[in-house]
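Colleague:
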Amino acid sequence: MEFNQDGEVQELIPESSRIRKAGGACSDGDVLYCINLAGWGILRRRLEDGKRLSTIGLPFFQDDDYPRDVCVSNSRLFLLTLERCRIYTFLLDQKEWRCLFDVEGGVRSFDATGGSDSDGRSQFLYIVHGTGSRPHEIHYRRSCGEVIVTTLANAWSCKFVPNTDGLACAVSAADQRLRGAAPWSIYGRDQ
């Protein structure tokens, strides 16, 4: 859906062609990418006319892992898996999956920005579940492997700010039941 010029919600994809078992979704402004849990792939639809594009197969078998979240940046699709907490990237032009790295511990929220094809630099932002008395950790990871970690009690969502060089924000709640959300910002730069 989108808002039209009059501020009314407009349907982009007809109800008859909607995904029945959908996971995470994202868009690059031209295409909607959505994890299809029933068909085991990433469905694509053009936002302009709702036309279905070819499905992107997942980089693992259904018994091996489970897709958790997806995001897209600079012609790269990023996928986080649920069981292994593994990060993959799919180069849209080359139609090729690459395994990037595994995250230790469960991931609550995930975002990525893709570098250009010439430099291959990407940035990753994710929240790792705290266990026991340990608070949740916000990890900012550069493509070179350097990781900057900061803690934030009850952190539950993080995203990069679009059109910035590494500016990110995270949201935490006043308690573990996610009530009373209050914004909190972190800053990082990929030099």
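Residue 6 is where the sequence shown starts when you use the numbering used here, and the numbers rise one by one after that.
Yeah, the Cβ is synthetic: ideal placement off N, Cα and C, and Gly gets one too.
Round the Cβ separation of Gly150 and Glu142 to the nearest angstrom and send it over; I've been treating them as touching at under 8 Å.
Modeller: Sequence index remark: in the sequence shown, residue 150 carries index 145 (1-based). Sequence index remark: in the sequence shown, residue 142 carries index 137 (1-based). Their Cβ separation, rounded to whole angstroms, is 17 Å, which puts Gly150 and Glu142 out of contact at 8 Å.
Colleague: Based on the DSSP secondary-structure assignment, which residues constitute the bridge partners of Cys76?
Modeller: In the sequence shown, counting from the first residue as 1, residue 76 sits at position 71. Answer by DSSP bridge pairing, in chain order: Phe83.
Colleague: Could you check if Glu109 is buried or exposed, using at least 16 other CB atoms within 10 Å of its CB as the buried criterion?
Modeller: Here residue 109 corresponds to residue number 104 of the sequence shown, with the count starting at 1. It counts as exposed.
Colleague: Could you check which residue in Ala158, Pro140 and Ser127 has the C-alpha nearest to that of Val152?
Modeller: The sequence position of residue 152 within the sequence shown is 147, counting from 1. Of the candidates Ala158, Pro140 and Ser127, the one whose C-alpha sits nearest the C-alpha of Val152 is Ser127.
Colleague: Would you list the residues sitting across from Lys164 in a DSSP beta bridge?
Modeller: Within the sequence shown, numbered from 1, the residue matching residue 164 stands at position 159. Bridge partners of Lys164: Cys174.
Colleague: In three-state terms, what does DSSP make of Ser32?
Modeller: Taking the sequence shown and counting its residues from 1, the one referred to as residue 32 is at position 27. It is a strand residue.
Colleague: Let's test the definition: count the other Cβ atoms within 10 Å of the Cβ of Ser78 and tell me whether it reaches 16, buried, or not, exposed.
Modeller: Taking the first residue of the sequence shown as position 1, residue 78 is located at position 73. Its Cβ being crowded by 16 or more others within 10 Å, Ser78 is buried.
Colleague: Classify Pro167 as buried or exposed, calling it buried when 16 or more other Cβ atoms lie within 10 Å of its own Cβ.
Modeller: In the sequence shown, counting from the first residue as 1, residue 167 sits at position 162. Classification of Pro167: exposed, given that the 10 Å Cβ count is below 16.
Colleague: Is there contact between the region 99 to 114 and the region 156 to 164, where contact requires at least three CB pairs shorter than 8 Å?
Modeller: In short, these stretches touch, since the Cβ pair count reaches three.
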